[in-house]
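Counting with full-length UniProt numbering, you get residues 1 to 348 for the letters of the sequence shown.
Where is the CB? At the ideal position from N, CA and C, for every residue including glycine.
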Amino acid sequence: MNPYVLATLLSSLGLGTTLTFASSHWLLAWMGLEINTLAIVPLMAQHHHPRAVEATTKYFLTQATAAAVILFASTTNAWITGTWDMTSMSNPIATAMILAALALKIGLAPMHFWMPEVLQGLDLLTGLILSTWQKLAPLALIIQTAQAFDPLLLTALGLTSTLVGGWGGLNQTQLRKVLAYSSIAHMGWMVIVLQYAPQLTLLALLMYILMTSAAFLTLKLSYTTKVGTLATTWSKSPLLTATAALVLLSLGGLPPLTGFMPKWLILQELAKQGLPLTATVMALAALISLYFYLRLCYAMTLTISPNTVTSTTPWRTQTTQASALLALSTVMALGLLPLTPAVMTLVV
């Protein structure tokens with residue numbers, strides 16, 4: 001892709017998200033979301049592969065549907081209340097519609113069906129943008145309007161997402177689909193605690209972005225998109241394989257890695273709010289997710305691939321890819337748990 005076009009698209013992505021962040025007016029927020037969607041569509045379709053085009057079409061249709069519902073619901077709310085302000089969401093139907101549309105935008109279950117399919121059709125860098133940056137604007141809107149939403153609805157969305165995210169990833173052989181289900185589960189963790197401690201939602205989002213960035217950049221560096229290919233990576237770069245296994249365990253929330261911190265604090269907050277049953281279900285759903293991360297680690301570090309490998313073994317040449325970002329995100333995805341006491345003083 002032409003570097004000028006790429007720069008324009010990336011700056012439009014930034015503009016769309018910033019516009020949504022800064023707005024307290026529904027029409028401006030909607031415009032930001034639309035700019036965001038239109039900026040990422042050419043990035044998704046740049047490879048002209050039928051799968052990429054199919055993924056782009058699916059993504060565009062779901063995002064356009066969500067944007068239309070947001071526009072309709074905010075117009076209805078403005079018609080009833082006389083204001084476009086986000087803080088005055090008094091109509092329960094409009095509020096529920098906006099929550100459903102924003103849940104569709106970030107891929108919360110049961111509006112998650114597009115997410116694995118779309119991510120599977122993209123290359124790893126665009127997939128990384130879709131899994132991290134594209135979640136920011138809709139999540140900002142959900143956090144801003146959280147007090148207007150029905151608490152029961154938020155809890156139901158959170159529980160469903162963590163369960164679906166765990167259950168859906170179990171039988172996958174494609175790593176991008178595994179990461180898509182991982183994303184769905186993490187979004188569930190963020191939404192479940194939103195009504196009690198929004199700062200924990202932001203903490204979980206930050207940790208999720210760090211861990212997902214490390215996972216995607218590792219896969220990109222080792223040219224891996226299938227579980228079968230994972231078994232051949234240890235002979236190419238043993239150190240990268242070791243850190244990749246730890247990053248996956250961190251995504252699963254295993255102590256003493258970074259991913260344990262948000263889960264620990266969220267479960268603690270749920271228990272503090274008098275919701276032990278919800279906390280128990282969330283912890284059990286995290287165990288389901290942990291199983292498929294362990295499966296990937298087993299394929300990477302504890303199996304030697306058979307002599308007749310079905311996947312093509314990549315050439316073992318020295319890579320020219322930049323690895324500074326990967327190194328930074330990996331260190332942060334593995335070693336931030338000791339900062340938990342400092343984080344607790346800030347967020348609690």
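What are the boundary residues of the alpha helix (DSSP H) that includes residue i?
i      : result
Gln63  : Pro50 to Thr81
Leu163 : Pro151 to Gly169
Trp234 : Thr233 to Lys236
Leu136 : Trp133 to Gln144
Gln199 : Pro198 to Leu221
Ser12  : Pro3 to Ala22
Ala109 : No alpha helix (DSSP H) contains Ala109, which DSSP labels as neither H nor E.
Gly188 : Leu175 to Ile192
Gly32  : Trp26 to Met44
Gly228 : Val227 to Leu230
Gln120 : Trp114 to Gln120
Leu275 : Looking at the DSSP string, Leu275 is not in any alpha helix (DSSP H), and its letter there is neither H nor E.
Ala324 : Ala324 to Gly335
Check the C-beta distance from residue i over to residue j and give it rounded, since I have them as a contact under 8 Å.
i      : j      : result
Tyr59  : Val118 : 5 Å
Leu194 : Ile266 : At roughly 10 Å, the Cβ-Cβ gap does not stay under 8 Å, so Leu194 and Ile266 are not in contact.
Ala101 : Ala73  : 7 Å
Thr278 : Leu284 : Thr278 to Leu284, Cβ: 11 Å. No contact.
Thr212 : Leu179 : 7 Å
Pro110 : Thr160 : 6 Å
Ile98  : Ile70  : 6 Å
Ala52  : Leu122 : 6 Å
Gly188 : Leu248 : With 8 Å as the limit, Gly188 and Leu248 do not qualify as a contact, their Cβ atoms being about 19 Å apart.
Met89  : Ala148 : 4 Å
Leu175 : Leu219 : 6 Å
Based on Cα-Cα distance, which residue from the options lies nearest to residue i?
i      : options                           : result
Ile304 : Thr345, Pro238, Val247 and Ala283 : Pro238
Leu13  : Ser88, Ile129 and Leu71           : Ile129
Glu54  : Thr87, Met211 and Trp114          : Trp114
Ala327 : Ala242, Phe260, Leu287 and Ala342 : Ala242
Pro262 : Leu230, Val347, Pro110 and Thr76  : Val347
Thr20  : Leu9, Ala78 and Asn36             : Asn36
Ala324 : Leu33, Leu221 and Trp167          : Leu221
Asn2   : Leu38, Val281, Asn91 and Leu43    : Leu43
Met190 : Gly274, Leu202 and Tyr291         : Leu202
Leu296 : Pro198, Gln273, Thr95 and Thr224  : Thr224
Leu246 : Leu334, Val343, Gly165 and Ala68  : Leu334
Pro198 : Met300, Leu219, Pro276 and Leu141 : Leu141
Ser250 : Ile192, Gln268 and His186         : His186
Ala156 : Gln321, Met282 and Ala7           : Met282
Val343 : Ala94, Gly274 and Thr258          : Thr258
Ala45  : Tyr181, Ala94 and Gly127          : Gly127
From residue i to residue j, what distance separates their C-alpha atoms?
i      : j      : result
Ile209 : Trp133 : 8 Å
Tyr298 : Ile288 : 16 Å
Ser183 : Thr17  : 19 Å
Thr87  : Asp150 : 15 Å
Leu104 : Asn171 : 23 Å
Leu163 : Thr232 : 31 Å
Val227 : Ala214 : 17 Å
Leu302 : Trp167 : 23 Å
Leu217 : Leu27  : 35 Å
Pro116 : Ser329 : 23 Å
Leu125 : Leu240 : 18 Å
Thr76  : His25  : 14 Å
Ala244 : Gly169 : 18 Å
Lys135 : Leu33  : 10 Å
Leu139 : Gly252 : 21 Å
Leu290 : Trp84  : 43 Å
Ala204 : Leu153 : 20 Å
Thr57  : Leu38  : 12 Å
Thr65  : Gly165 : 23 Å
Leu336 : Lys272 : 24 Å
Gln268 : Leu206 : 19 Å
Val41  : Ile192 : 30 Å
His112 : Leu61  : 14 Å
Is it buried or exposed for residue i, if we count other Cβ within 10 angstroms and need 16 for buried?
i      : result
Pro338 : exposed
Tyr293 : buried
Pro341 : exposed
Gln120 : buried
Gly82  : exposed
Ala29  : buried
Pro255 : exposed
Lys177 : buried
His49  : exposed
Ser235 : exposed
Thr345 : exposed
Trp79  : exposed
Thr320 : exposed
Ala67  : buried
Gly158 : buried
Ala286 : buried
Ala322 : exposed
Ser131 : buried
Considering only heavy atoms of the ligand PLP, does any lie closer than 8 Å to the CB of residue i?
i     : result
Thr37 : As presented, the structure is devoid of all ligands, the ligand PLP included, so that no description of it is given.
Would you verify that the beta carbon of residue i is, or is not, closer than 9 Å to some beta carbon of chain D?
i     : result
Ser74 : Structure shown: chain D not included; a single protein chain is present.
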